[in-house]
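Each remark here refers to the structure printed beneath this line.
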Amino acid sequence: MKASYEIEGSQNRKYNRETIWMLAKTDLKMRYEGSVLGIVWVFLKPFSNFLIINFVFSTLFHNQQKNYSINLLIGLILYNFFQDSTTNGMASFVNKAHILKKINIPKWTIIIASTIHSAIAFGFNLIILFIFLCGYYHIFPTPLYILIFFYYALLLYGITVVFSFIAAPLYVRIRDLNQIWEVLLQVLFFASPILYPITNIPYPVRSFLYANPLTYILEHARFALVENSFSHWNHHIIFICIFIPALIGSILFLKRASRNLIELL
Amino acid sequence: MNKNLSFSVQNLSKSFVIPCENRNTIRERLLHFNKKISTEKFKVLDNISFDVKKGEFFSIIGRNGSGKSTLLKILAGIYTPDEGRITVNGEISPFLELGVGFNPDLSGKDNIYLNSTILGLSKKDIDRKYKSIVEFSELEHFIHLKLKNYSSGMQVRLAFATAVQSNREILIMDEVLAVGDANFQMKCFAVFEKIIKSGRTIIFVSHDTNSVQKYSNRVLYLESGKIACLGSANEALSKYMHSNILKESQSSSEHEKALFTERGLADNYEGSVWKKSDEPDANTSGKTEEEALEIQQALFFDSDNQLTEILPYGCSFKIKLRFKSTILLSDLIFKLIINNNSDQTLFSSDSRAENFKCGAIQPGNFAISYEMQNYFHQGIYSLSVSVSDSSGRLFYILKDNFSSFRVSTSNSLKTQSGIDIPHKISILDA
Chain H
10 MKASYEIEGS
20 QNRKYNRETI
30 WMLAKTDLKM
40 RYEGSVLGIV
50 WVFLKPFSNF
60 LIINFVFSTL
70 FHNQQKNYSI
80 NLLIGLILYN
90 FFQDSTTNGM
100 ASFVNKAHIL
110 KKINIPKWTI
120 IIASTIHSAI
130 AFGFNLIILF
140 IFLCGYYHIF
150 PTPLYILIFF
160 YYALLLYGIT
170 VVFSFIAAPL
180 YVRIRDLNQI
190 WEVLLQVLFF
200 ASPILYPITN
210 IPYPVRSFLY
220 ANPLTYILEH
230 ARFALVENSF
240 SHWNHHIIFI
250 CIFIPALIGS
260 ILFLKRASRN
270 LIELL
Chain G
425 MNKNLSFSVQ
435 NLSKSFVIPC
445 ENRNTIRERL
455 LHFNKKISTE
465 KFKVLDNISF
475 DVKKGEFFSI
485 IGRNGSGKST
495 LLKILAGIYT
505 PDEGRITVNG
515 EISPFLELGV
525 GFNPDLSGKD
535 NIYLNSTILG
545 LSKKDIDRKY
555 KSIVEFSELE
565 HFIHLKLKNY
575 SSGMQVRLAF
585 ATAVQSNREI
595 LIMDEVLAVG
605 DANFQMKCFA
615 VFEKIIKSGR
625 TIIFVSHDTN
635 SVQKYSNRVL
645 YLESGKIACL
655 GSANEALSKY
665 MHSNILKESQ
675 SSSEHEKALF
685 TERGLADNYE
695 GSVWKKSDEP
705 DANTSGKTEE
715 EALEIQQALF
725 FDSDNQLTEI
735 LPYGCSFKIK
745 LRFKSTILLS
755 DLIFKLIINN
765 NSDQTLFSSD
775 SRAENFKCGA
785 IQPGNFAISY
795 EMQNYFHQGI
805 YSLSVSVSDS
815 SGRLFYILKD
825 NFSSFRVSTS
835 NSLKTQSGID
845 IPHKISILDA
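First to last, the sequence lines map onto chains H and G. Here the numbering used here is used: the first residue of the first sequence is 10, the next is one more, and so on. Here the numbering used here is used: the first residue of the second sequence is 425, the next is one more, and so on.
Here's what the structure looks like:
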């Protein structure tokens, strides 16, 4: 006999939204709980990171590339968001085990809440980015290109969600996934055009780099924001053609992997 | 599904796979990639079917490990059943324990908002109910204090106050009242009554037989993952107590233990299934052997040998149990258990363990007397009595809560436990 669990009557969609928002807010609050500077760390961490790298590569190595610093800043902020969101998303089930074990709550809301929390921190960073962009570098992107930039940020978020939908249930079963992911994140950091412009890379290797979805996001997001340009239609079509099936696949995977998952927590 | 039902559970089964070794990391997996993990299946719930009506106070009882919590988790949709069909009608309050999502580093107020949101209230609802939650929890002064600085009683009060505000139709509660003082428990049950009156359903799991008996419409008694009894509170509870007393009387001898399990902690002593064929058939006038002995009454005598039901603390007293036998009996084993109000066993006597030999007892009336010092606290105590033959396999009498006596206190209570043994504290020089 097949097992079934049915609830008659409507399920509340609004409930999911409020839960996600509440959990994300709590995560953000708890992240710097007890620290003196509190939420200031959200800005301070990526910018100290940026200042160090900028000092090494721009001042010490005399990098004369045009707009090197601002490209580095955008790259770092996007990469930090990616790193933070995937790490949080992957660990979300384990971190929220105390809730999942006691409440029948849609599994995806837990993942989304954890990644949204990173997205909020990313949002704070963007404010600083725009201040730098206009105030220090005197680059004023038009609203259209800001919108395009946000489109790429959304795509980046989409990638982290796809990753988390697959990684979160796996992490419950294989706990060394976080160690592996840490190493892979290091690889990704150097395999993406963050420290160097992609034009510095000779061609056979460059097309290899383009297989990295982060390269695509970083390059086009910078183009939009710094150069105010939008090109390479073929890139976008290929990306979307891969992204949508991946998203659907990850949703199906999460649904399948959620069965009997709580018992393992 | 019938509109009057909250839950319909049909042929529910659930097993857990217990690996004989744990392989959680890649290294372990790689090292033994070609070896399949040997596992064992442990059936926690076995073919369970029942319905819960709307507006019922439905309790689930059973010993530790009988599958109560697993059943609740399946009802709440947290665990997936292996087999069977569960239909839920109405919104379930999805909490099994109080204070889901409570964060020790947030203030009481923030925790109310967090917990309520997880329990399915909107921000607007919480704003409206916030005041009554704080009032109910009696934590007005501490509401901005961090939760980690609360006492456990305060935390439970806050959690319960928040939980009852989630207006779900079905409430599932697992041992929620285990903490909390008597006053708070009373308050909780007052709320439960209100909830029931408003037509909502409560599913309740507890070891506190008193509250189960007091409030439940129906009780489900689980025994090793099977339904041992489903019926009125009295019916299910008496079966539960019965099996408990049977367990109590299990002797240390392994042989006997095996026999008891074989008997399946049976609740039916009428059949002659357990009678060994080589035992003398002592039936008289068509009565079965178990009916050969009857307990008539329990009498209590104070130190002046006066019949009474109220015994003063500190004095010696006598319990006299009067029996009537219809056949010749010999080498009986008498057991007497004294429980307090909340079913804690404070005293237990086993005549065989104490090397008491009663010899042969002629048909007719006889009595057995226990003489002891009264060190019990003020309160009401109940007696449970069992009498078995010398093998300990055949029970003539198995009476739970057969009679009760009261203890009045002549001196103020000094100790905290159920019994107050006279003692002295002194400091000695080393």
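C-beta atoms are modelled at their ideal positions from N, C-alpha and C, and glycine is treated no differently.
Among the residues of the stretch 544-569 of chain G, those with a Cβ less than 7 Å away from any Cβ of chain H are GLY544, SER546 and LYS547, in the order of the chain. Within a 10 Å sphere around the beta-carbon of G:TYR664 sit 16 or more other beta-carbons, which makes this residue buried.
Under a criterion of Cβ atoms nearer than 9 Å, the residues of chain G adjacent to H:ARG268 are, in order, THR504. From the listed residues G:LYS650, G:ILE792, G:ASP632 and G:ARG453, the smallest Cα separation to G:ASN764 is found for G:ASP632.
Scanning chain H for C-beta atoms nearer than 7 Å to the C-beta of G:ASP529 yields MET39 and GLU42, reported in chain order.
Within chain H, ILE183 and ASP185 have C-beta atoms less than 7 Å from the C-beta of G:ILE450, given in sequence order. Secondary structure of G:ILE626 (DSSP, three-state): strand. In this structure the stretch 760-778 of chain G touches the stretch 797-808 of chain G; the number of beta carbon pairs closer than 8 Å is three or more.
Ranked by Cα distance from G:SER766, the first of G:PHE584, G:LEU436, G:LEU530 and G:ALA606 is G:ALA606. Listed along chain H, the residues sitting closer than 7 Å to G:ARG509 by beta-carbon distance are SER13.
By the Cβ-count criterion, H:TYR225 is buried, with 16 or more other Cβ atoms from all chains shown falling within 10 Å of its own Cβ. At least one C-beta of chain H is nearer than 8 Å to the C-beta of G:THR541. Boundaries of the alpha helix (DSSP H) harbouring G:THR541: 532-542, taken from the DSSP string. In the structure shown, H:CYS250 falls within a helical segment according to DSSP collapsed to helix, strand and coil. Interface annotation for the stretch 427-443 of chain G against chain H: ASN435 and PHE440, criterion Cβ-Cβ distance under 8 Å. Flagged as an interface residue toward chain G: H:ASN113, by a C-beta distance shorter than 8 Å.
At least 8 Å separates the CB of H:THR224 from every CB of chain G.
Contacts between H:GLU272 and chain G, judged by CB atoms closer than 8 Å, involve PHE440 and TYR503 in chain order.
In the same chain as G:LYS572, and ignoring 5 residues on each side of it, the C-beta atoms closer than 6 Å to its own belong to PRO528, in chain order. Rounded to whole angstroms, the gap between the alpha carbons of H:VAL51 and H:ILE136 is 11 Å. Residue G:ALA587 holds the alpha-carbon nearest to the alpha-carbon of G:ILE619 among G:ALA587, G:VAL643 and G:LEU644.
In terms of beta-carbon proximity, H:GLU236 stays away from the interface with chain G, with every pair separated by 8 Å or more. Of all residues in the stretch 593-622 of chain G, none places a beta-carbon less than 8 Å from a beta-carbon of chain H. For G:LEU770, no CB of chain H lies under 8 Å from its own CB, so it is not counted at the interface with that chain. Excluding sequence positions up to five before and after G:TYR554, its CB lies within less than 7 Å of the CB of ILE536, all in the same chain and listed in chain order. Beta-bridge analysis with DSSP links G:PRO443 to G:THR463. Here G:MET610 is not bridged, per DSSP, to any residue.
Counting of Cβ neighbours within 10 angstroms places G:PRO443 among the exposed residues, the total staying below 16.
Apart from the 5 residues on each side of it in sequence, G:ILE845 sits with its Cβ closer than 7 Å to the Cβ of TYR799 in its chain, given in chain order. Put simply, the CB of G:GLY532 is far from chain H, with every gap to its CB atoms at 8 Å or more. Proximity of chain G to H:LYS264 at the Cβ level (cut-off 9 Å) is not reached, the minimal Cβ distance being about 12 Å. In the structure shown, the three-state DSSP call for G:LEU595 is strand.
The beta-carbon separation of G:THR494 and G:LEU469, rounded to 6 Å, stays under the 8 Å limit for a contact. Between the beta-carbon of G:LEU563 and that of G:LEU582 there is about 6 Å, and that keeps the pair under the 8 Å contact cut.
Contact between G:VAL433 and G:ILE472 holds: their C-beta atoms lie close to 6 Å from each other, under 8 Å. When secondary structure is reduced to three states using DSSP, H:LYS110 falls in the coil class, being assigned neither helix nor strand.
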